[in-house]
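Note sheet for the following structure.
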Amino acid sequence: MNLDSWEPKIVAFLCKWCSGAAAELAGVSRLLYSPNVIPIIVPCSGRVDPDLIVEAFMNGADGVIVAGCHTPSDCHYIAGNFKAFKRVYMLKKLLSDFGIEPERLKLEWVSAVESQKLKTLFDEFTFTIRKLGPLRVKIRGGSV
Amino acid sequence: MINVKMLYYPGCTVKRNALEYEKKTLEILSKIGIEVYELDNWYCCGAFYSLAKDDLMKHISGLRTLIKAQVQARKHGTNKLLTLCPMCYNVLKRVNHMLRENPENLDTLALFMDEEEKYTIGIEVLHLLEVLRDNIDKLKRLVVTEVKDVVVAPYYGCTVLRPREIAFDNAENPEVMDNILRALKIEVIEFPFKTECCGAYQSVFNRKIVFEKSGEILEEAAVRGANIIAVICPLCKYNLETTLLSLGKKLRIEIVYLTDLLSRATGP
Amino acid sequence: MSSEEPRVGVFVCHCGLNIAGVVDVKKVVEEAKRLPHVVHAEDYIYMCSAPGQELIKKAILEKKLNAVVVAACTPTMHYETFARAIEAVGLNRYRLEMAVIREFSSWVHADKKKATEKAIKLVKAAVVKVADNSPLEPVKSRTVRKVLVIGGGIAGITVALDIANAGIPVILVEKTPTIGGKMAMLSETFPTLDCAQCILTPKMAEVARHPLIKIYTNSEVVDVSGFVGNFKVKILQRARYVKIGDCRLCGFCERVCPVKVPSEFNRGLSDRKAIYIPFPQAIPPAYVIDKANCRHWVDGCDKCLRVCPTKAIDFNDEDKLVEEEVGVIIVATGYDLYPAERLKEYGYGLYRDVIDSLQFERILSAGGPTKGLILRPSDRKPVKRVVFIQCVGSRDINHLEYCSKICCMYTAKHALIFKERVPGGEAYVFYIDIRAAGKGYEEFIKRVQEEFQVNYIRGRVNRVYRDPKTGDMVVVGFDTLTGQLLTVKADLVVLATGLVPQLPYELASKLKIPFDKYGFVQEAHPKLRPVETVTSGVFVCGVAHGPKDIAETVAQASAAAAKAMELLYSEYIVKEPLVAVVDRDLCSGCRVCVGICPYGALELVEGKAKVNELLCEGCGACVVACPSRAIELRNYSTKQLLEMVKAVVK
Amino acid sequence: MSEVLNRVVEYSGKNPYACYQCGTCSAVCPMVRFMDIPPHRAIRLLQIGAGALVLSSNTIWICVSCMRCVDRCPRDVAPGVVFEALRLITLRQGIDKLKYEEIPNIEEAPTLAIVSASRKLTG
Amino acid sequence: MNKPNIVIVHGAICGGCDVALANSEEAISKILENIDLAYWSVAVDARLSDLKSLGKIDVAVFMGGVRTSEDEELAKWLREKSKILVAFGSCSAYGGIPGLAALTSPIELINLVKSTITTSSQYKSIIELPKLPELSTYRALPHVVNVDIVVPGCPPPIKVVNEFVNVLLKYIAGEEPIGPLVIAGSKAQCETCPRKPKDLSKLQIPSIKRIYEAKIEENRCFLEQGILCLGPVTREGCEHSCINVNMPCTGCFGPLPGFEDVGLRYIAGILALVAVEREKELMEQGLAKILDKLVDRLGVLYRYTLPRSRLYMLKLSLEGSEYAR
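Have a look at this one:
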């Protein structure tokens, strides 16, 4: 792979109510941020299956962001954010168990007004991934 | 009776200015079945807890004392470290607390120490008042004489009750000493100046302040009919007494260590 | 999932230059055309305009599209517009997806090439999702036209009356033996100085005689199940030992009762008997026996029973568990005062002449323990000098971090009434800031300061203690404006204690309503949905939601009533159908989903999980949690999300 | 932000900007009447970048770290801790505020008074 | 009629599977009756060369994981040669316990063995390790070649062994194998768990405990007692021999159909449920503290399935291994 032309691929799972709304606000506020981050809107950070994150890595993502509403009480679905926390916390540990940098996965709470925080998150995460370099995947995993 | 063991840290002032306090205290403790072991080669506690975040160096002497206690704790089979002087209590307990809250500081401090073993934050720092409070029933049983004609204003000073994270009673209206005295049938007055500042170490360079602060305490106690102020701190005692002298014995009031009163009630 | 092969149309909007200025829309169209399932793609300057919508409709009909992706702004802006457009030509609205290429691309990136690439990926994701979106119909259920109001203070009373007057039955549950709440304890109300009882008691009486309001006093809600429109609640009605209809309030029983205990209503400033009525205008108008203190259960005393002329006393009365079905629940559980004894420096609990604000209300009240005379509690000496201390507990990280909002005003009111009643009296108020933002409030404060010459001291109090000679309270404080240490001797010290919510944790979790870190109920949206909670069908009003005064409470209560009626106006509850569904063939009955669902929407029926579509809010926590992958979220299925992930990274 | 304020934040870990000037510290301070600047005003001066005025006052040297304002401060600004930082700014320049030879009663004073005073007033 | 033949071949194996097969009289007698036992080095004295000399193979049973180049070669040869290939036992099917070593490099493993050999020091310098076949990337059998039948279990219980032989006989009778067929249920252990609660209330996991830390109540769901049980993510079909002796399921029957990765399902479902009632009170730090009590993550989550996990696949693909598929 030509490292000069390499661009980090980053998927950001944003919950519809807080971080997704922050992304909309970032748009309305014309905050320029890293185009490497592609958002996928989900109902809640609690809807983000660890499988989705691994799927992203397996298909060539170099980093994954999960963003939800602030704990303890901002979650539109009462406590989906805590579920996301537990899942991401364990998945990060597993990633490092398997020898993959856990920094490639980031969980952040971003409220609907924190568009600036979202921008910073996207930019800084892109920078982090740029430093870590590409996560190369040649062939996909399969099943029986 | 099964004796409770405790390590004992006297500190400089007790050994230099308050030997009588120590003597009476140790007597009382032995009466209630507490065996104390004075730390061998005890070291300065640090005298005043440094409040700065970046000033870890100043906690070294406190830590060293705690490590000494840890070593001797194994020998005597107790992790309790008794203090009489409120300043020693304050510093040691706060160093202990700080290490418990920020264990990473322990690693930094360890860099300054070559000989000592690693501190496991297992020492429990106690002040005399806590020990007496926990043995109040035993104290009651020891009463042999009614201490007559004595009206006491309990005086706690600042350092056993502040800051909140090391306090064993509410600093705005503590009741530990009041309860101990009442348990021994000694008359105690309602005294709002229990924790008013006596002037502290200002006595070495600004005696005017000490006279004014301690004067207020003395006067309030006198107005409320006390003839004794019970203290637990050698510095408070010194400040109150020098102030009393400067007032020319106008007030008929005596400054007495708490344990002195206890030993009056419990007999020789 | 639709059974027919997806035929997707992609419509890329220029949004003038908003999108087209950065994103190469033509290229997006070209790329879209190459995607699987896509049979049509085109761009237009304003898709949301009438001609734009016509374009979509025409394409649907001509190309037999069965799914549509509009690549434009956010769905928040125009989902409804396009959904209606496709519905107009017979397509289900859930067969529409929007690719947000404006807010997520053209507006946030300057690099045209990268913005275009990203827009293409967003379109790809939308296409794979819409291809698998099921056409759905809204979920409907019949509603029970009845409302449960929890809490019988001014908030609960207002809600109950508003709703009952509109013809909907109300069940009002109150924990204490009477409705009226804290407002019944107040003397006068700011800023108009109306007598609280005079405005409240007629409302209480109206509640009592309203044919559509059923009151449960001495009662608590102990269980809640069901969902919006169909709640089932269990109410524990504690035994009163006095038959409400038979009691004639003659008071004979009270006179003969030998037990005296401090009166809750007068906050300990006077005594009551073990058989008592909290205050003369209590609703329901009947005595009550306080079992904990009554001697009947100790030594068989039955003096009251013997003198009761109507035989209203029944020692065999028992606690009852009542079940009710309601469509809406309104939480109006109110507040209590922060325990002032936690602030030892002020001597509350140590000195009888240091009292809290509600105690002072009782002293001021004509029906209170001193009949409205301002006497100090310790020796009933007339009070000549009062010190008020504000922010007792409030705005303090050691106690309550928040501002309790009403204390500035009620303290001013206290000071005013005191000055009015005690000619030549002196009043001092220690304060940090004066918060008097309300209609007529600032004027009221100014009046208190100018006309009544209440001495406002900007600063805090060191401590309060008693002068041993005079028995006066000594207040030592600091005036920050002059830098002076002040000592004020006073007959009485009144603490403006902060408010703490009273909603029990268990009840909140049964109602599935979140609360903030202080215990106040969290509203669904702080601006736009201030009386709704996140659980549909549960509303909140009054101090249970946050500190507020009577006027605000009443306004919020009426708002909650209106919201409840809006919900119950229709015979059916209609809900978004984006809910979870269980594949019962895959479910192994492990109960993980039941445990993880925050709404109690899942239960096990015959060993398999089942979703209650009316309770499910569609968060998807269970979908992820199901170890057997037996649960799917409609139109957010794992398969769809996996495909979307692939679409954006490959 | 002034240099003094920066240093205060660094040494003490407390944030003077959290102060809303309620005056609790000045009310509870046992030494306030001997200070030329009362504690709450010292914090205010830090907020407006006039930390130098506080440094040159006697306030920080009169404070005996009794911790009363630290316990009672409703905003955790903890003036008593801030003052320690201010003392250190001077002491770390090698300026001592106590001369042992001038202690009048050094023979009779309890050891802890002398040690404490040197801890607080010398570098 | 010419009897079809069967060969039983070993990869990396402890020998438990042989015992399990031999232990079932019914299975053995049915095999002997209907099939010609052409090769089983554990039971019938034979060498690998005997196997290689067989003209045809109808059924090949592979026990153990694929660890060495020799194993791999053998597996590929069997696939080519036999009509029906069976992955027998959890090692063969999912990787099994030796699969936990997959994350450690072969060189590290060899060095570890070398460093722990104990012998009197005077001989130490002259001791040499026997020549070992080259260790390669650890894989389960289906990972290397396609298999027709999977017989899970560590070792497979008698019931499963018997069922397997019945299936085998059907195939021999002419039914085409519709592989891969797993001789187990398609639902989770919870479906048949003897501890299934009567009232079917919601599941709550208060904390995480290791087995020695708790007095485990019998007849109560392990998870409710804070004991991590892999039942919800594991195929049913075993005889609950662990659960019946008050031990939680460790997952030897492998993942449920439809997803490969036991660990990911577990963190998504069961671990997300931990302390669910106290989330707001514990906050993130508190929850992290509880989750940290799961110390041996791989040993608990992937005891039998690590080589088949998606993260292992990802790792292999990152290393550029040809086995990442």
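Residue numbers (this note's numbering), protein chains in the order written: chain A, 1 to 144; chain B, 1001 to 1268; chain C, 2001 to 2650; chain D, 3001 to 3123; chain E, 4001 to 4325.
Every residue gets a Cβ at the ideal spot worked out from N, C-alpha and C, and that includes glycine.
These numbers come from a predicted model, not from an experiment.
Inter-residue CB distance, F2011 (chain C) and G27 (chain A) (contact presumed, cutoff 8 Å): About 19 Å; that fails the 8 Å criterion.
Alpha helix (DSSP H) containing A1222 (chain B): first to last residue? 1207–1223
Own chain residues within Cβ distance below 7 Å of E114 (chain A), not counting five before or after: A22
How big is the Cα-Cα spacing for C2407 (chain C) and V2387 (chain C)? 14 Å
Among E:C4014, E:V4044, E:N4023, E:E4026, which has the Cα closest to the Cα of I4008 (chain E)? E:V4044
Verify the CB distance criterion: does Y2402 (chain C) have a CB-CB separation below 7 Å to chain B? no
Roughly how many whole angstroms lie between the Cα atoms of K2439 (chain C) and T2192 (chain C)? 10 Å
Ignoring anything shorter than 3 residues, give me the beta strand (DSSP E) runs that lie fully in the region 2494–2552 of chain C, in order along the chain. 2499–2501, 2538–2540
For a minimum of 4 consecutive residues, which ranges assigned as the alpha helix (DSSP H) are wholly contained in the region 42–68 of chain A? 50–58
Report the option in C:L2416, C:Y2287, C:R2209 whose CA atom is closest to the CA atom of Y2241 (chain C). C:Y2287
Spatial distance of S4186 (chain E) from C4238 (chain E) (CA atoms): 12 Å
Inside the region 2194–2276 of chain C only - beta strand (DSSP E) runs reaching at least 3 residues: 2213–2216, 2219–2227, 2230–2237, 2260–2262, 2271–2273
Hey, how far is the Cα of L4112 (chain E) from the Cα of I100 (chain A)? 23 Å
On a CA-only basis, which of B:L1184, B:C1198, B:K1185, B:L1129 is nearest D1169 (chain B)? Give me that one, please. B:L1129
Cutoff 7 Å: A3113 (chain D) Cβ touching any chain C Cβ: no
Sorted by chain position, which residues of the same chain lie with C-beta nearer than 6 Å to K2027 (chain C)'s C-beta, five sequence neighbours on each side aside? T2116
In the DSSP output, what is Y1156 (chain B) paired with across the bridge? Partner(s): none; Y1156 (chain B) has no beta bridge.
Strictly under 7 Å for the Cβ-Cβ distance: is D3036 (chain D) near chain C by that measure? no
Quick check: the region 4058–4078 of chain E against the region 3095–3106 of chain D, are there 3 or more CB pairs under 8 Å? no
Going residue by residue through the region 1070–1112 of chain B, where are the continuous beta strand (DSSP E) segments of at least 3 residues, counting only ones entirely within it? 1080–1083
Select from B:R1162, B:M1006, B:E1116, B:I1189 the residue whose C-alpha is nearest the C-alpha of V1151 (chain B). B:I1189
E4284 (chain E) at chain A interface by Cβ criterion, 7 Å: yes
Which residues of chain C have a Cβ atom closer than 9 Å to the Cβ of C18 (chain A), listed in chain order? In chain order: nothing, as chain C lies at least about 12 Å away.
Does any residue of chain C bring its CB to less than 7 Å from the CB of D3096 (chain D)? no
Here's the rule I'm using: 16 or more other beta-carbon atoms within 10 Å means buried, otherwise exposed. How should I4211 (chain E) be labelled? exposed
Determine, using beta carbons only, whether P2468 (chain C) comes closer than 7 Å to chain B. yes
With burial defined as no fewer than 16 other Cβ atoms inside 10 Å of the residue's Cβ, what is the status of K16 (chain A): buried or exposed? buried
Per the DSSP calculation, K2140 (chain C) is bridged to which residue(s)? C:V2574
Spatial neighbours of C75 (chain A) within its chain, please: C-beta separation below 6 Å, excluding the five flanking residues on both sides. C69, N81
Starting from S4082 (chain E), trace the beta strand (DSSP E) in both directions and tell me its first and last residue. 4082–4088
Starting from T2076 (chain C) and walking both ways along the beta strand (DSSP E), at which residues does that stretch end? Here T2076 (chain C) belongs to no beta strand (DSSP E); instead the alpha helix (DSSP H) covers 2075–2088.
Between the region 2585–2594 of chain C and the region 2356–2376 of chain C, can you find at least three pairs of beta-carbon atoms closer than 8 Å? no
Specify whether the region 2637–2647 of chain C and the region 4203–4210 of chain E touch according to this definition: at least 3 beta carbon pairs, one from each stretch, less than 8 Å apart. no
Please classify V4151 (chain E) as buried or exposed, where buried requires at least 16 neighbouring CB atoms within 10 angstroms. buried
Per DSSP, cross-strand counterpart(s) of H2040 (chain C): C:G2009
Given that C44 (chain A) touches chain G, what residues does it touch there, using C-beta distances under 8 Å? You won't find chain G in this structure, because its protein chains are A, B, C, D and E.
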